[in-house]
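Letter by letter, the sequence shown follows residues 33 to 429 of the working numbering. Have a look at the structure below before the remarks.
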Amino acid sequence: MDAQVSTAPGRDNARIEGRILGFADEFIALRRDLHQHPELSFQEHRTAGIVAGHLEGWGYEVTRGVAGTGVVASLRRGQGSKSLGIRADMDALPIQETTGLSYASVHPGVMHACGHDGHTAILLAAARCLAEGGEFDGTVHLIFQPAEEIGAGAAKMIAEGLFERFPCDAVYGLHNWPNVGVGHIGCVTGPAMASVDQARITVRGKGGHGAAPHETVDPVVVSAHLITALQTIVSRNLNPLDAGVVTVGSIHGGSASNVIPDSVELKITVRSFRPEVRALLKERIPALARAQAESFGAVAEVDYQWGFPAVVNHAEETQLARQLAQDTFGEALVERDFQPRAASEDFANMLQAKRGSYLFFGNGAGPSLHNPGYDFNDAILAPAASYWTRLAERFLA
Ligand SMILES: [Zn+2]
Ligand SMILES: [Zn+2]
């Protein structure tokens, strides 16, 4: 276990770092226990129970059952009216783990392949540090969110009155990020992660014998043209300075070489970083699909599903995060020009409701997120917990 916190000198560092290092091993053990017992979205009962139990023990006012398995813990100090929200997600993925670790998942087909076990343990360690010696004036609300992986937990918490019941002047979150130096921090002002939407297109033609194509309307040929035409949306309709992704990830139709099927189904993931681009993609994909199908005498039925928006970090809150990272870890650990990521994150919903910022913590070299060999790096648990503690103290100074 490597629980070193690499920090710049200073009174706060010594005070917070010393405290966290004192109990870091307990939280590494807790993180590994969560890893061993992963739970899918909205089923985080055991995890939520452990989280809430600890927080109650440290004197937090704990609210369970927000959005099903979500937990919010509040701590007040002094007379200050400011308040800060910090969020960790708790859920795992439907993946069969292949790490071979001693604390690998005991639940077949379920694993923490996104490091949410780490996010939860980090915020718990910070919670203990704040409760036992936090110097702040105001209120911290620690938000333990369910169901990030299906993009539903944040929206459900907000719909259940999260920010009315637990008012926050700003809200922060972080994600561990592979192939970024261990303990390095990435801060991005503005769009940081992509929006994600989905389209399902059913191309309906007229099936028949493979030897008599003239008596059919072949939806396979229509789909081939459509897939090619879809590539022109990003290349020809989007401003070259904007970014967007239109990926046909699935195509299904037909079952035999000599039968032309009635229909073909395409599934498409759509990503962008700006609302204007998102709207353009939503307009162009169905329009192009319908016109393209019609030109061949077929019909395209389009089911377009809004997912969730881009993660857009607010400038002032991101500047505070960046400055704090420099003060805490020193210039060398703050990534210069950290680039936005085209993955998505439902924290986007919280940043639409509240000001704030979403940060990236380097997990070191290794497999990608959602890979069956992924594991959160325990070396960043203590530094990240110390960072959250300091953020609360600085925001609520
Ligand atoms: Zn994930
Ligand atoms: Zn994640």
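Beta carbons: idealized from backbone N, C-alpha and C, even for Gly. All figures in this text were calculated on a predicted structure; none of them were measured in a lab.
Query, Result
"Count Cβ pairs between the region 327-344 and the region 254-261 that sit closer than 8 Å; are there 3 or more?", "yes"
"Would you kindly report the start and end of the unbroken alpha helix (DSSP H) that includes residue 154?", "148-165"
"Taking C-alpha atoms, which residue in 287, 241, 71, 304 lies nearest to residue 266?", "304"
"Where DSSP assigns a beta bridge to residue 116, which residues make up the other side?", "172, 202"
"For the alpha helix (DSSP H) that residue 257 lies in, which residues bound it at each end?", "251-264"
"Looking at ligand 2, does it come within less than 7 Å of residue 148, judged from the CB to the closest heavy atom?", "yes"
"Alpha carbon to alpha carbon, how far is residue 382 from residue 419?", "20 Å"
"Consult DSSP for residue 343 and reduce its assignment to one of helix, strand or coil.", "strand"
"Use the C-beta contact count for residue 37: other C-beta atoms within 10 angstroms, 16 or more gives buried, fewer gives exposed.", "In this prediction, residue 37 has a pLDDT of 47, which is less than 50 and means its spatial position is unreliable; what the coordinates show is noted afterwards. The residue in question, residue 37, is buried, as its Cβ has 16 or more Cβ neighbours within 10 Å."
"Can we count residue 378 as close to ligand 2, meaning its CB is less than 7 Å from some heavy atom?", "no"
"What's the call for residue 209, buried or exposed, on a 16-neighbour Cβ count within 10 Å?", "buried"
"Since I believe residue 127 is in contact with residue 404 (beta carbons under 8 Å), could you give me their beta-carbon distance rounded to a whole number of angstroms?", "5 Å"
"For residue 349, count neighbouring Cβ atoms within 10 angstroms of its own Cβ and tell me buried if that reaches 16, exposed if not.", "buried"
"Under 8 Å, with one C-beta from each stretch per pair, do the region 351-362 and the region 412-426 reach the 3-pair mark?", "yes"
"Would you say the beta carbon of residue 346 is closer than 7 Å to some non-hydrogen atom of ligand 2?", "no"
"Excluding the five sequence neighbours on either side, which residues of its own chain have a C-beta within less than 6 Å of the C-beta of residue 114, listed in chain order?", "170, 201, 428"
"Taking 8 Å as the cut-off, decide whether the C-beta atoms of residue 147 and residue 408 are in contact.", "yes"
"Does the separation of the CB atoms of residue 285 and residue 331 fall below 8 Å?", "no"
"Does the separation of the CB atoms of residue 295 and residue 235 fall below 8 Å?", "yes"
"Considering just the uninterrupted stretch of the beta strand (DSSP E) at residue 308, what are its terminal residues?", "Counting along the chain, residue 308 falls outside any beta strand (DSSP E), though it belongs to the alpha helix (DSSP H) covering 307-327."
"Across the region 240-247 and the region 187-200, are there enough close Cβ pairs to call them in contact, namely three or more that are closer than 8 Å?", "no"
"Does DSSP put residue 104 in a helix, in a strand, or in coil?", "strand"
"Is there a Cβ of chain B sitting closer than 8 Å to that of residue 204, yes or no?", "Among the protein chains of the structure shown there is no chain B, as only one such chain exists."
"Return the bridge partner residues of residue 223 from the DSSP annotation.", "344"
"Kindly identify the DSSP beta-bridge partner or partners of residue 93.", "106"
"With contact counted as at least three CB pairs below 8 Å, one residue from each stretch, are the region 211-220 and the region 369-386 in contact?", "yes"
"Buried or exposed, going by whether 16 or more other CB atoms sit within 10 Å of the CB of residue 369?", "exposed"
"What is the DSSP secondary structure of residue 386, counted as helix, strand or coil?", "coil"
"Verify the contact flag: residue 401, CB atom, against every heavy atom of ligand 1, threshold strictly below 7 Å.", "yes"
"Taking the alpha-carbon of residue 67 as reference, which of 94, 136, 95, 52 has the nearest alpha-carbon?", "136"
"How far does the beta strand (DSSP E) with residue 432 in it reach, from first residue to last?", "Given that the chain is displayed from residue 33 to residue 429, the structure contains no residue 432 and the question cannot be resolved."
"For residue 367 and residue 238, what's the separation of their Cα atoms in angstroms?", "56 Å"
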